[in-house]
Amino acid sequence: MKTKLKTTIGIGIGLVLIAVAVFIGGGNLFKGSFNLNFRPALTHSVSPSYLIPARSSVVIRYTANRALNYGLYLYIEDSLKKNVKELLSVRNPLPKGTSNSIAWDGRDNAGNFVPPGSYNYIFLGTTTLGTGKINVKQFSIK
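Just so we're aligned, residue 30 is where the sequence shown starts under the working numbering, counting upward by one.
Laid out in C-alpha coordinates, this is it:
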(Lines of atoms letter the chains of each structure in order from A; the text may use other names.)
(Lines give C-alpha, C1' and ligand atoms only; values in the text may rest on other atoms or scores of the structure.)
Protein backbone atom coordinates (compact mmCIF):
# COMPACT_ATOMS: atom_id res chain seq x y z
CA MET A 30 0.00 0.00 0.00
CA LYS A 31 2.82 2.44 0.90
CA THR A 32 4.63 1.71 -2.36
CA LYS A 33 1.48 2.40 -4.42
CA LEU A 34 0.92 5.69 -2.56
CA LYS A 35 4.56 6.76 -3.07
CA THR A 36 4.32 5.93 -6.79
CA THR A 37 1.08 7.91 -7.16
CA ILE A 38 2.55 10.90 -5.33
CA GLY A 39 5.74 10.70 -7.43
CA ILE A 40 3.78 10.64 -10.69
CA GLY A 41 1.61 13.54 -9.50
CA ILE A 42 4.65 15.66 -8.58
CA GLY A 43 6.26 14.83 -11.93
CA LEU A 44 3.17 15.96 -13.85
CA VAL A 45 3.00 19.19 -11.86
CA LEU A 46 6.68 19.91 -12.60
CA ILE A 47 6.14 19.31 -16.33
CA ALA A 48 3.07 21.59 -16.33
CA VAL A 49 5.03 24.35 -14.56
CA ALA A 50 7.93 23.99 -17.03
CA VAL A 51 5.57 24.23 -20.01
CA PHE A 52 3.84 27.27 -18.48
CA ILE A 53 7.11 29.08 -17.71
CA GLY A 54 8.56 28.16 -21.09
CA GLY A 55 5.54 29.57 -22.90
CA GLY A 56 4.70 26.19 -24.43
CA ASN A 57 8.20 25.74 -25.86
CA LEU A 58 9.42 22.96 -23.58
CA PHE A 59 9.73 20.60 -26.53
CA LYS A 60 11.09 23.04 -29.14
CA GLY A 61 9.68 22.38 -32.58
CA SER A 62 7.31 19.63 -31.52
CA PHE A 63 4.24 21.85 -31.36
CA ASN A 64 3.27 25.38 -32.26
CA LEU A 65 0.84 27.46 -30.21
CA ASN A 66 0.63 30.19 -32.89
CA PHE A 67 -2.83 29.81 -34.41
CA ARG A 68 -3.75 31.97 -37.38
CA PRO A 69 -7.36 33.19 -37.39
CA ALA A 70 -9.66 31.92 -40.14
CA LEU A 71 -10.24 35.49 -41.28
CA THR A 72 -8.20 38.69 -41.14
CA HIS A 73 -10.12 41.93 -41.45
CA SER A 74 -9.83 45.70 -41.15
CA VAL A 75 -11.95 48.81 -41.51
CA SER A 76 -10.89 52.17 -42.89
CA PRO A 77 -11.56 54.77 -41.67
CA SER A 78 -12.92 53.72 -38.27
CA TYR A 79 -15.69 56.32 -38.42
CA LEU A 80 -18.14 57.68 -40.96
CA ILE A 81 -20.31 60.73 -41.39
CA PRO A 82 -23.61 59.72 -43.05
CA ALA A 83 -24.27 61.38 -46.43
CA ARG A 84 -20.63 62.51 -46.52
CA SER A 85 -18.48 59.39 -46.33
CA SER A 86 -18.41 55.62 -46.09
CA VAL A 87 -16.18 53.01 -44.51
CA VAL A 88 -14.56 50.08 -46.28
CA ILE A 89 -14.35 46.71 -44.55
CA ARG A 90 -11.71 44.40 -46.01
CA TYR A 91 -11.27 40.70 -45.34
CA THR A 92 -9.11 37.75 -46.37
CA ALA A 93 -9.88 34.08 -45.73
CA ASN A 94 -6.75 32.49 -44.22
CA ARG A 95 -8.23 29.03 -44.72
CA ALA A 96 -11.12 27.59 -46.70
CA LEU A 97 -14.47 28.67 -45.25
CA ASN A 98 -16.63 25.66 -46.10
CA TYR A 99 -19.94 27.14 -45.00
CA GLY A 100 -19.76 30.60 -46.53
CA LEU A 101 -19.56 33.98 -44.85
CA TYR A 102 -22.03 36.52 -43.45
CA LEU A 103 -21.21 40.15 -42.59
CA TYR A 104 -23.56 42.54 -40.84
CA ILE A 105 -23.57 45.77 -38.84
CA GLU A 106 -25.10 45.85 -35.37
CA ASP A 107 -25.92 48.76 -33.08
CA SER A 108 -25.04 49.14 -29.40
CA LEU A 109 -28.14 47.10 -28.47
CA LYS A 110 -26.82 44.17 -30.57
CA LYS A 111 -29.56 44.72 -33.16
CA ASN A 112 -28.72 43.86 -36.77
CA VAL A 113 -29.12 47.15 -38.64
CA LYS A 114 -27.51 46.30 -41.99
CA GLU A 115 -26.67 43.09 -43.82
CA LEU A 116 -23.63 43.68 -46.01
CA LEU A 117 -22.66 40.21 -47.22
CA SER A 118 -24.26 36.79 -47.37
CA VAL A 119 -22.27 34.10 -49.19
CA ARG A 120 -23.66 30.60 -48.81
CA ASN A 121 -21.08 28.88 -51.02
CA PRO A 122 -17.69 27.80 -49.68
CA LEU A 123 -14.91 30.38 -49.95
CA PRO A 124 -11.44 29.08 -50.87
CA LYS A 125 -8.37 30.00 -48.87
CA GLY A 126 -6.97 33.35 -49.97
CA THR A 127 -10.33 34.87 -50.95
CA SER A 128 -10.13 38.64 -50.41
CA ASN A 129 -12.79 41.28 -50.78
CA SER A 130 -13.78 44.74 -49.61
CA ILE A 131 -17.26 46.03 -48.86
CA ALA A 132 -18.31 49.66 -48.37
CA TRP A 133 -20.94 50.78 -45.85
CA ASP A 134 -22.50 54.23 -46.27
CA GLY A 135 -24.19 54.37 -42.86
CA ARG A 136 -27.63 53.26 -44.06
CA ASP A 137 -29.73 50.56 -42.41
CA ASN A 138 -31.59 47.74 -44.19
CA ALA A 139 -34.53 50.11 -44.89
CA GLY A 140 -32.24 52.66 -46.59
CA ASN A 141 -32.30 55.23 -43.76
CA PHE A 142 -29.18 56.71 -42.21
CA VAL A 143 -28.40 55.24 -38.79
CA PRO A 144 -28.21 57.63 -35.83
CA PRO A 145 -24.81 58.67 -34.45
CA GLY A 146 -23.26 56.09 -32.14
CA SER A 147 -21.00 53.10 -31.94
CA TYR A 148 -21.60 50.16 -34.27
CA ASN A 149 -19.90 46.80 -34.71
CA TYR A 150 -19.32 44.84 -37.86
CA ILE A 151 -19.60 41.08 -37.37
CA PHE A 152 -18.26 38.31 -39.60
CA LEU A 153 -19.97 34.94 -39.14
CA GLY A 154 -19.20 31.52 -40.56
CA THR A 155 -19.96 28.45 -38.49
CA THR A 156 -18.77 30.63 -35.57
CA THR A 157 -17.95 34.30 -35.11
CA LEU A 158 -14.87 34.90 -37.26
CA GLY A 159 -14.20 38.53 -36.46
CA THR A 160 -15.60 41.78 -35.12
CA GLY A 161 -14.66 45.44 -35.29
CA LYS A 162 -15.96 48.85 -34.29
CA ILE A 163 -17.25 51.77 -36.43
CA ASN A 164 -18.23 55.15 -34.98
CA VAL A 165 -20.98 57.08 -36.75
CA LYS A 166 -20.56 60.80 -36.15
CA GLN A 167 -23.16 63.55 -36.19
CA PHE A 168 -23.58 65.27 -39.53
CA SER A 169 -24.33 68.96 -39.35
CA ILE A 170 -24.98 71.40 -42.18
CA LYS A 171 -23.31 74.78 -41.71
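Using N, Cα and C, we set each Cβ at its ideal position, and we do this for glycine too. Keep in mind that this is a model prediction, so the values were computed, not measured.
- LEU103 is bridged by DSSP to LEU117 and PHE152.
- Nearest to ALA96 by alpha-carbon distance, out of LEU123, SER128 and ARG84, is LEU123.
- Under the three-state reduction of DSSP output, ILE81 falls in the coil class, being neither helix nor strand.
- With fewer than three CB-CB distances shorter than 8 Å, the segment 103 to 119 does not count as touching the segment 78 to 88.
- Spatial neighbours of GLU106 in its own chain (CB-CB distance under 7 Å, excluding positions within 5 residues in sequence) are listed in chain order as ASN112, VAL113, TYR148, ASN149 and ILE151.
- Counting along the chain, the unbroken beta strand (DSSP E) around ALA93 starts and ends at 87 to 93.
- In this structure GLY140 is not in contact with ARG120, their Cβ atoms being roughly 24 Å apart against a cut-off of 8 Å.
- Residue environment: LEU109 is assigned as exposed (fewer than 16 neighbouring CB atoms within 10 Å of its CB, all protein chains considered).
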